[in-house]
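For reference, the structure discussed in these notes is given below.
Numbering (mature numbering (1 follows the signal peptide of the UniProt record, and there is no 0)), first residue to last: -26 to -1, 1 to 257.
Structure follows, in structure tokens:
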């Protein structure tokens, strides 16, 4: 009898591992064949867990149909006289809208700020920030992740039900072999469940909070896109100046080596000339 109880749960655990998160019906059948006494009391609980998972999945799908899950991002370039003051205002406006400053990178000619604001207030925040300076560029992008979120949440529900079934099996394990096998599969399922939950949380966070990249530059740092004869003339002069500077730099770098080599070179040239002069009378 003890040998029969060992083989049934182990077969169920192996089947769970091979299916890797698929429907648990086959695993339950295998377990029932091995030890009907262990599975029969747990069947109502499994049906309840499965029913709850299906209901949760249906609710998730109905919610997705009514409202799309969209990630919104925006970029805004502003020309401002006082980068520090406007940067502080960008932070205050973002926090006032319920968001926060995620990152700020300052450099000589300006600064780049990344702020997160509630997606439903993105247009309002963009309008307020646009009034802080002269807008030189503005853009918005959207990414629909409804299908990804529905799929991930559905997999989370299935994985939770699978973990719950394995915990029931763990409580009913009768031997060390059963405990070790079920515990290994349970650890694998819980790890995958954590990964799915983190993925869903990350996507939901991007949907709830829009990302806005604000670049602030001073007026003299804004590049002017000139065309025409004068633009070509100035461009050619800048190129010529750059080439001249490069040649002068190269000449300056070579000059010390030339000075060092000139001494032995001059000595060799004088010695050769002297020898040639000594041979001339004999000819």
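The beta-carbon is built from N, C-alpha and C at its ideal position, and this holds for glycine as well.
| task | Per DSSP, which residues does residue 238 bridge with? Please list them. | result | In the DSSP output, where bridge partners are listed per residue, residue 238 has none listed.
| How do the stretch 158 to 178 and the stretch 137 to 145 stand: do at least 3 beta-carbon pairs fall below 8 angstroms, yes or no? | Taking a cut-off of 8 angstroms on C-beta distances, the stretch 158 to 178 touches the stretch 137 to 145, as three or more cross pairs fall below it.
| query | Just how far apart, CA to CA, sit residue 210 and residue 217? | reply | 11 angstroms
| task | Determine the contact status of residue 48 and residue 96, defining contact as a CB-CB distance below 8 angstroms. | result | Yes, the pair counts as a contact, with Cβ atoms nearer than the cut-off.
| Per DSSP, cross-strand counterpart(s) of residue 115 | Residue 115 pairs with 47.
| Counting pairs of beta carbons, one from the stretch 171 to 188 and one from the stretch 81 to 93, are three or more of them closer than 8 angstroms? | yes
| query | Over what stretch of residues does the beta strand (DSSP E) that includes residue 286 continue unbroken? | reply | Past the boundaries of the shown model lies residue 286; the chain is included only from -26 to 257, so the question cannot be answered.
| task | State the DSSP-derived secondary structure class of residue 243, mapped to helix, strand or coil. | result | helix
| task | Select from 101, 132, 106 the residue whose C-alpha is nearest the C-alpha of residue 63. | result | 106
| Reduced DSSP secondary structure (H/G/I, E/B, other) of residue 76 | Residue 76 falls in the strand class under three-state DSSP.
| Integer Cβ distance of residue 160 from residue 130, believed to fall under 8 angstroms | At roughly 16 angstroms, the Cβ-Cβ gap does not stay under 8 angstroms, so residue 160 and residue 130 are not in contact.
| request: Select from 180, 153, 56, 237 the residue whose C-alpha is nearest the C-alpha of residue 190. | output: The shortest C-alpha separation from residue 190 is found at 56.
| field | Residues near residue 246 in its chain [Cβ-Cβ closer than 7 angstroms; skip 5 each side] | value | none
| query | Any idea which residues DSSP pairs residue 88 with across the strands? | reply | 77, 187
| request: Have a look at residue 15 and residue 181 and give me their C-alpha separation to the nearest angstrom. | output: The predicted position of residue 15 is uncertain, since its pLDDT is 38 and thus under 50; a value taken from the coordinates is nonetheless stated next. When rounded, the distance between both Cα atoms is 43 angstroms.
| task | Could you pull out every residue in the same chain whose Cβ sits closer than 6 angstroms to the Cβ of residue 46, ignoring the five residues on either side in sequence? | result | 93, 96, 116, 184
| request: Let me know the secondary structure DSSP gives residue 108 once reduced to three states. | output: strand
| query | Tell me, which residues are paired with residue 53 by DSSP? | reply | Note: residue 53 sits in a beta bridge opposite 108, 191.
| With a CB to CB cut of under 8 angstroms and the five nearest residues on each side skipped, what residues in its chain are close to residue 119? | 43, 44, 45, 177, 180, 181
| said: Restricting to Cα atoms, I'd like to know which of 109, 172, 58 is closest to residue 79. | reply: 58
| Distance CB(residue 110)-CB(residue 69) smaller than 8 angstroms | no
| query | What are the boundary residues of the alpha helix (DSSP H) that includes residue 122? | reply | 120 to 146
| task | Pick helix, strand or coil for residue 66, following the three-state DSSP scheme. | result | In the displayed model, residue 66 falls within a helix according to three-state DSSP.
| task | Put residue 82 into one of helix, strand or coil per three-state DSSP. | result | coil
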